[in-house]
Amino acid sequence: MGLEKPIQYLKGVGEKRAALFEKKGIKTVRDMLYFFPRSHEDRSKIKPVAECVEGETVCIAASVYQLPLDRYVRKNMLITSMNVYDDSGMISLVWYNNKYVKKNFTENGKYVFFGKVSRSKQGRLQMIAPVYEKFGNEHYTGKIIPIYPLTAKLSQKTVQSVMETALKEAGQLEEYLPEHIREQYKLAEINFAMHNIHFPRDFKNYNIARERFVFEELLILQLALSGRKDKNSENPGHIFEDVKCVRDFSDTLPFDLTGAQKRTINEVCRDCKSGKQMNRLVQGDVGSGKTAVAAAAIYMAVKNGFQAAMMAPTEILAAQHMESLSELFEKHGIRTVLLTGSMRAKQKREVLSQILSGEAQVVIGTHALIQETVEFNNLGFVVADEQHRFGVEQRAKLLAKGKEPHMLIMSATPIPRTLALILYGDLDISIIDELPPGRKPVKTYSVPGGMRSRAYNFIYKNIKSGMQAYVVCPLVAESESSDLKNAEELAEKLAQDYPDIKVGLMHGKMKAKDKDEVMAGFASGEIQLLVATTVIEVGVNVPNANIMAIENAERFGLSQLHQLRGRVGRGGDQAHCILITDAENEVTKKRMETMCASNDGFYISEQDLKLRGPGDFFGTRQHGLPEMKIANLFEDRDILRLAQRAAKSLIEDGTDKYPLLKKRCDELLSNEIIMN
Ligand code: ADP
Ligand code: MG
Numbered sequence: 088m089g090l091e092k093p094i095q096y097l098k099g100v101g102e103k104r105a106a107l108f109e110k111k112g113i114k115t116v117r118d119m120l121y122f123f124p125r126s127h128e129d130r131s132k133i134k135p136v137a138e139c140v141e142g143e144t145v146c147i148a149a150s151v152y153q154l155p156l157d158r159y160v161r162k163n164m165l166i167t168s169m170n171v172y173d174d175s176g177m178i179s180l181v182w183y184n185n186k187y188v189k190k191n192f193t194e195n196g197k198y199v200f201f202g203k204v205s206r207s208k209q210g211r212l213q214m215i216a217p218v219y220e221k222f223g224n225e226h227y228t229g230k231i232i233p234i235y236p237l238t239a240k241l242s243q244k245t246v247q248s249v250m251e252t253a254l255k256e257a258g259q260l261e262e263y264l265p266e267h268i269r270e271q272y273k274l275a276e277i278n279f280a281m282h283n284i285h286f287p288r289d290f291k292n293y294n295i296a297r298e299r300f301v302f303e304e305l306l307i308l309q310l311a312l313s314g315r316k317d318k319n320s321e322n323p324g325h326i327f328e329d330v331k332c333v334r335d336f337s338d339t340l341p342f343d344l345t346g347a348q349k350r351t352i353n354e355v356c357r358d359c360k361s362g363k364q365m366n367r368l369v370q371g372d373v374g375s376g377k378t379a380v381a382a383a384a385i386y387m388a389v390k391n392g393f394q395a396a397m398m399a400p401t402e403i404l405a406a407q408h409m410e411s412l413s414e415l416f417e418k419h420g421i422r423t424v425l426l427t428g429s430m431r432a433k434q435k436r437e438v439l440s441q442i443l444s445g446e447a448q449v450v451i452g453t454h455a456l457i458q459e460t461v462e463f464n465n466l467g468f469v470v471a472d473e474q475h476r477f478g479v480e481q482r483a484k485l486l487a488k489g490k491e492p493h494m495l496i497m498s499a500t501p502i503p504r505t506l507a508l509i510l511y512g513d514l515d516i517s518i519i520d521e522l523p524p525g526r527k528p529v530k531t532y533s534v535p536g537g538m539r540s541r542a543y544n545f546i547y548k549n550i551k552s553g554m555q556a557y558v559v560c561p562l563v564a565e566s567e568s569s570d571l572k573n574a575e576e577l578a579e580k581l582a583q584d585y586p587d588i589k590v591g592l593m594h595g596k597m598k599a600k601d602k603d604e605v606m607a608g609f610a611s612g613e614i615q616l617l618v619a620t621t622v623i624e625v626g627v628n629v630p631n632a633n634i635m636a637i638e639n640a641e642r643f644g645l646s647q648l649h650q651l652r653g654r655v656g657r658g659g660d661q662a663h664c665i666l667i668t669d670a671e672n673e674v675t676k677k678r679m680e681t682m683c684a685s686n687d688g689f690y691i692s693e694q695d696l697k698l699r700g701p702g703d704f705f706g707t708r709q710h711g712l713p714e715m716k717i718a719n720l721f722e723d724r725d726i727l728r729l730a731q732r733a734a735k736s737l738i739e740d741g742t743d744k745y746p747l748l749k750k751r752c753d754e755l756l757s758n759e760i761i762m763n
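The structure is reproduced here in structure tokens:
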């Protein structure tokens with residue numbers, strides 16, 4: 088059994104605890120071993136009591152001077168205290184509301200205590216709720232102890248002891264990193280690494296162990312990516328003979344293109360006459376004008392005799408593109424059609440036949456575009472808008488509608504260039520790092536819930552002066568229904584509080600048709616205040632909306648907050664974004680500060696990467712890649728580079744030569760699919 092053994096059958100686990108572990112994605116001994124600690128506590132050295140200093144976290148070995156005393160200071164506040172001593176001095180230990188603690192000590196018994204030293208109101212040194220165990224039989228002290236990221240109900244002690252059992256159960260582990268890679272990059276062997284990542288003898292050993300696992304994780308990420316990349320980078324492609332024609336198009340735009348837009352269009356033109364199939368990612372902040380770039384490229388494709396298709400992730404967005412682009416193209420005699428899932432059968436049949444005959448030169452649509460029934464006449468150019476909403480498979484299907492069409496992928500989630508190169512190593516990248524002139528940054532504030540009514544009054548006044556506003560509520564996967572109610576309840580409450588304005592509600596559980604109706608109502612100005620979940624995140628454009636309030640802002644990632652905020656500030660008026668949160672932890676505070684300080688998506692994404700630590704990152708999870716358990720894509724970027732090099736050499740060598748490594752990759756990737 089070993090690694091495959093369900094942890095339920097390990098000593099000290101059982102059914103109930105197994106269920107709690109499963110919530111963390113831990114089912115087997117293997118899963119357990121790869122549940123890495125978030126930090127370590129040095130409990131290896133015992134300090135004399137007299138040397139304890141306020142603020143330090145230390146271990147002491149001390150005897151009971153007098154057994155614990157209970158006293159109630161209030162009805163629900165029990166304080167238990169006990170004095171202990173060693174050769175050098177005395178210190179008191181204090182527990183709050185812990186009825187059982189006193190049963191664990193005997194008169195004159197000697198124990199090891201681990202905790203933070205503080206000073207009581209009377210000025211005496213004390214430890215509050217220390218970890219303790221009998222002296223001479225230490226399990227949780229006397230060494231460096233791992234601290235795990237926990238869910239409620241599983242204590243550190245439980246996880247630590249189950250981890251020890253799991254390590255024993257696993258026995259000798261099989262090394263799966265190829266030996267020459269380990270040698271070349273000086274990586275620790277798996278058994279050494281596994282023991283020292285959890286129970287290191289010293290921090291030097293821990294760092295050696297960590298480095299191996301970071302490298303391994305990033306190597307596997309690279310290998311996984313190589314299997315998932317768009318496979319069109321080396322294909323021959325249509326040659327667009329006339330690329331200069333884009334000028335005729337840009338001349339008819341109602342604005343001058345920005346420098347960054349022009350540069351990107353030039354890059355597209357170069358690709359399209361190169362003879363190779365284009366595979367280009369355009370990264371640009373919300374509002375940077377990616378649509379105009381796509382439109383120019385589409386125009387060029389049509390003028391060179393091809394059909395072009397543009398796929399958007401939502402009906403609303405597809406409709407908006409249709410509205411703005413069909414008018415532009417019409418001026419040049421280009422016929423544009425819309426294809427979405429909610430169209431009536433008759434209308435759809437008509438559109439499908441126009442696509443097949445080639446009469447429809449530009450097709451804008453949703454996922455409906457990649458349905459089997461859709462056949463093009465001569466598709467030579469495809470655009471995927473808001474690419475983070477599409478998988479590689481969907482892009483592949485879109486590509487397959489034509490004969491090696493050029494592909495333009497547009498992303499409004501800017502990520503640092505270093506990371507983009509890693510995640511999209513096979514794509515050429517254009518960056519639109521300039522906003523159209525005259526845009527004012529969105530003024531952003533972070534306020535506690537106590538200021539909510541002031542915030543809403545501000546919004547109300549603004550609406551009375553003719554503007555519109557969004558209120559965004561979080562939608563969390565585990566508690567979707569209760570959060571939906573939040574949005575619903577809030578919409579109801581706001582409608583009551585401000586009876587003279589029209590409040591709308593939109594969330595993901597609504598039918599597409601109903602959503603469209605609400606959105607249309609908001610776009611026309613009939614709805615003045617729109618309460619919504621993150622369904623509005625993508626691309627929607629209502630220039631008259633200039634305030635957004637975001638409830639429970641701590642629940643959103645930085646990049647997502649930035650995306651949401653991009654919905655306002657699209658007209659000429661000063662826009663505001665109010666982040667409402669009561670969360671007080673450091674990371675949340677830093678995130679809010681970042682939002683208030685910057686409107687630059689590239690900067691924000693870099694901060695996002697920094698603040699997240701290991702874990703999910705929109706660049707990985709959203710691409711169906713394994714979540715980072717230990718690596719931090721920002722801090723470990725040097726190791727990332729090495730891992731990238733190693734991955735490349737392994738791929739060139741043929742990964743089939745390394746079946747154990749392959750197996751490990753598969754384990755990780757299949758885990759991911761189960762969890763999604
Ligand atoms: P995104 O990059 O987020 O998709 P859009 O393409 O929707 O941004 O553009 C946002 C708005 O900016 C649109 O109303 C568009 O007409 C306008 N716009 C785009 N380029 C320019 C420009 N060069 N000058 C002025 N306005 C522009
Ligand atoms: Mg867009």
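Per our numbering, the very first residue in the sequence shown carries number 88; after that it's consecutive. The beta carbon of each residue, even a glycine, is placed where N, CA and C say it ideally should be. Here the structure is a predicted model, which is why all the values come from computation and not from measurement.
Buried/exposed call for residue i, threshold 16 Cβ in 10 Å
i    : result
E414 : exposed
V136 : buried
M762 : Unreliable positioning characterises M762 in this predicted model, as indicated by a pLDDT of 28, which lies under 50. A coordinate reading is not provided.
A106 : exposed
T668 : buried
V100 : buried
R482 : buried
R541 : exposed
D743 : exposed
P287 : buried
Y557 : buried
A734 : buried
K600 : exposed
Q555 : buried
M164 : exposed
F342 : exposed
S736 : exposed
G467 : buried
L156 : exposed
G374 : buried
Under 8 Å between C-beta atoms of residue i and residue j
i    : j    : result
I295 : V199 : no
N464 : S440 : no
G591 : I614 : yes
Q448 : V355 : no
A381 : V470 : yes
V461 : K433 : no
L485 : I457 : yes
M177 : F192 : no
S131 : G202 : no
L645 : D723 : no
Q370 : A148 : no
heavy atom of ligand 2 below 7 Å from residue i C-beta
i    : result
T378 : yes
D601 : no
D472 : yes
beta-carbon residue i near ligand 1 non-hydrogen atom, thresh 7 Å
i    : result
F416 : no
N633 : no
A384 : no
R657 : yes
S375 : yes
F342 : yes
A499 : yes
Looking at C-beta atoms only, is the number of pairs between the stretch 321-330 and the stretch 487-502 that lie closer than 8 Å three or more? yes
Examine the Cβ distances between the stretch 512-531 and the stretch 347-357 and report whether three or more of them are shorter than 8 Å. yes
Closer than 8 Å is the cut-off here; do at least three beta carbon pairs connect the stretch 655-673 with the stretch 584-601? no
Touch test, the stretch 393-404 against the stretch 352-370, Cβ-Cβ under 8 Å, three pairs minimum: no
When you compare the stretch 205-213 with the stretch 221-239, are there three or more beta-carbon pairs, one atom per stretch, that lie closer than 8 Å? no
Validate contact between the stretch 252-261 and the stretch 180-190 using beta carbons, cut 8 Å, 3 pairs: no
State whether the stretch 227-239 contacts the stretch 685-692, with contact taken as three or more CB pairs (one from each stretch) at a distance under 8 Å. no
Contact the stretch 294-310 vs the stretch 268-279: 3+ CB pairs below 8 Å: yes
Pair every Cβ in the stretch 657-665 with every Cβ in the stretch 632-649, then say whether three or more of these pairs are closer than 8 Å. yes
Are there three or more Cβ pairs, one per stretch, closer than 8 Å when the stretch 595-611 is compared with the stretch 579-587? no
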